[in-house]
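Each residue of the sequence shown is one higher than the one before, starting from 11 at the first, in the numbering used here.
Step one of this worksheet: look at the structure below.
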Amino acid sequence: MDNSITNDAFCATIGFFDGVHRGHQFVIDRLKQTAKDGGMKSMVITFDLHPRQVVHASYVPQLLTSTDTKLQLLEATGVDRVEVLHFDLQMAQLSAKEFMQHVLHDRLGVRRLLIGYDNRFGHNRAEGFDQYAAYGKEMGIDVLLNTPVDVDGLRVSSSLVRRLLAEGNVAEACRCLGRPYRITGNVAHGFEEGRKMGFPTANIAPLCAEQLIPQTGAYAVSVSIEGGKGMPAMMNIGNNPTFQRNSQTLEAHIIGFEGDIYGRQVSVDFIQRLRGEKRFGSVDELMAQLQKDLNATKQIWSTQQHSPTIANKNNSII
11 MDNSITNDAF
21 CATIGFFDGV
31 HRGHQFVIDR
41 LKQTAKDGGM
51 KSMVITFDLH
61 PRQVVHASYV
71 PQLLTSTDTK
81 LQLLEATGVD
91 RVEVLHFDLQ
101 MAQLSAKEFM
111 QHVLHDRLGV
121 RRLLIGYDNR
131 FGHNRAEGFD
141 QYAAYGKEMG
151 IDVLLNTPVD
161 VDGLRVSSSL
171 VRRLLAEGNV
181 AEACRCLGRP
191 YRITGNVAHG
201 FEEGRKMGFP
211 TANIAPLCAE
221 QLIPQTGAYA
231 VSVSIEGGKG
241 MPAMMNIGNN
251 PTFQRNSQTL
261 EAHIIGFEGD
271 IYGRQVSVDF
281 IQRLRGEKRF
291 GSVDELMAQL
301 QKDLNATKQI
311 WSTQQHSPTI
321 ANKNNSII
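Here it is as structure tokens:
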């Protein structure tokens with residue numbers, strides 16, 4: 011990152027922006043309008059690491075988006091600049107006033123700052139909006155407060171999306187995100203039990219080890235290979251209890267697809283949960299259930315294929 015003082019005046023907002031959900035998108039839309047009204051450029055400021063990772067070494071985040079995906083999503087909003095700050099112990103020790111003066115004002119040229127209603131920064135996050143506004147008045151930053159954002163009656167937040175995914179409610183998570191929840195990974199060799207039953211699957215190893223995996227179970231999904239068109243698929247997340255495995259796998263059966271995709275990168279967009287994980291008494295019982303899952307997935311695609319939730323026809327990320 012360039013540490014030189016910029017000559018441009020920016021209207022900025024700051025946060026971790028995990029998921030870049032509809033609440034974030036609303037705030038960024040307001041940021042762009044506020045910047046335009048003030049004759050400034052718009053800037054979104056985020057971090058490369060979750061601050062709690064640095065402050066608490068034992069903390070392992072469950073991310074909705076990798077850093078690269080988050081930056082793609084933020085840039086797709088049309089802001090003039092996305093600034094990624096490297097969050098380390100030195101930055102964690104800065105007081106809110108020091109951060110505002112040395113980083114926001116001097117380094118980045120922020121002259122107007124939109125603060126989320128629950129957003130805090132600075133050492134120990136000890137201060138709030140009133141203090142930020144007072145500091146800003148001293149140093150020439152106009153600090154404004156963003157109001158809470160409700161989307162379709164929901165107070166959308168990254169923590170809400172995480173909770174929905176942990177419950178397997180991927181359809182509601184999609185509504186909060188404004189797009190399907192996506193996991194991208196490489197296709198690795200698995201146990202090939204599905205192939206033996208006539209349901210060959212792609213065993214997917216996520217690229218982002220810290221990304222949240224939805225609750226175990228079977229899902230209707232869309233799978234795209236290296237940025238190609240989304241194809242109907244059913245995915246199973248679980249430990250394969252029928253075969254007494256003890257490690258979690260993500261396996262996708264792409265309906266009607268034939269081809270070798272080992273080692274290739276695929277993206278999975280979650281559409282709807284079909285059922286929970288279950289141990290079957292025999293392989294025949296499992297095969298019968300897989301056929302039911304297949305039929306349900308086809309039905310979901312046939313009734314919703316024109317929905318932006320599933321179609322995602324240009325494979326756009328937002």
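Where a beta carbon is used, it is the ideal one built from N, C-alpha and C, also for glycine.
Here the structure is a predicted model, which means the values were calculated and not measured.
In this structure, Ala-212 places its C-beta atom within 8 Å of the C-beta atom of Val-276. Listed in chain order, the non-local C-beta contacts of Leu-284 below 8 Å within the same chain comprise Gly-227, Ala-228, Tyr-229, Ala-230, Met-244, Asp-303, Ala-306 and Thr-307, local neighbours out to five positions each way being set aside. The beta carbon of Val-65 sits closer than 7 Å to those of Ala-102, all from its chain and outside the five residues before and after it, given in chain order. Residues of the same chain with a CB within less than 8 Å of the CB of Gly-150, apart from the 5 flanking positions on each side, are His-115 and Arg-121 in chain order. Thr-44 sits close to Leu-124, with the two beta carbons spaced by under 8 Å. Under the DSSP definition of a beta bridge, Ala-243 partners with Val-231 and Ile-264. Short of 8 Å from the beta carbon of Arg-172, and not among the five residues preceding or following it, lie these beta carbons of its own chain, in chain order: Gln-72, Leu-74 and Leu-222. Taking a contact to require three or more Cβ pairs closer than 8 Å, the stretch 160-170 and the stretch 24-33 qualify as touching. Around the C-beta of Arg-289, fewer than 16 other C-beta atoms lie within 10 Å, and the residue is accordingly described as exposed. Residue pairing from DSSP leaves Pro-190 without any beta-bridge partner. Counting the other Cβ atoms within 10 Å of the Cβ of Pro-224 gives 16 or more, which makes it buried. In this structure the stretch 142-160 lies against the stretch 103-113, because at least three pairs of beta carbons, one per stretch, are closer than 8 Å.
Under the three-state reduction of DSSP, Ile-151 is assigned to coil, being neither helix nor strand. Counted as a single uninterrupted DSSP element, the beta strand (DSSP E) harbouring Lys-51 occupies residues 51-57. Between the alpha carbons of Thr-87 and Cys-21 lies a distance of about 15 Å. Arg-274 sits in coil when the DSSP states are folded into three classes, being neither helix nor strand. DSSP, read as helix, strand or coil, puts Phe-209 in coil. Each residue's CA atom was taken as its position, placing Arg-192 and His-112 some 37 Å apart. The Cβ atoms of Asp-90 and Ser-52 lie closer than 8 Å to each other. With respect to the C-alpha of Val-180, the residue from Ser-232, Val-153, Tyr-142 and Asn-196 having the closest C-alpha is Ser-232.
The residues Arg-62 and Gln-63, in chain order, have a CB closer than 6 Å to that of Tyr-69 in the same chain once the five nearest residues on each side in sequence are set aside. Collapsing the DSSP output to three states places Phe-26 in coil.
Per DSSP, Leu-123 is one residue of the beta strand (DSSP E) stretching across 120-125.
In this structure, Ala-219 keeps its C-beta atom at 8 Å or more from the C-beta atom of Gly-195. Boundaries cannot be given for Val-113, as no alpha helix (DSSP H) includes it and DSSP labels it neither H nor E. From the listed residues Asp-98, Gly-238, Glu-182 and Arg-189, the smallest Cα separation to Leu-59 is found for Asp-98.
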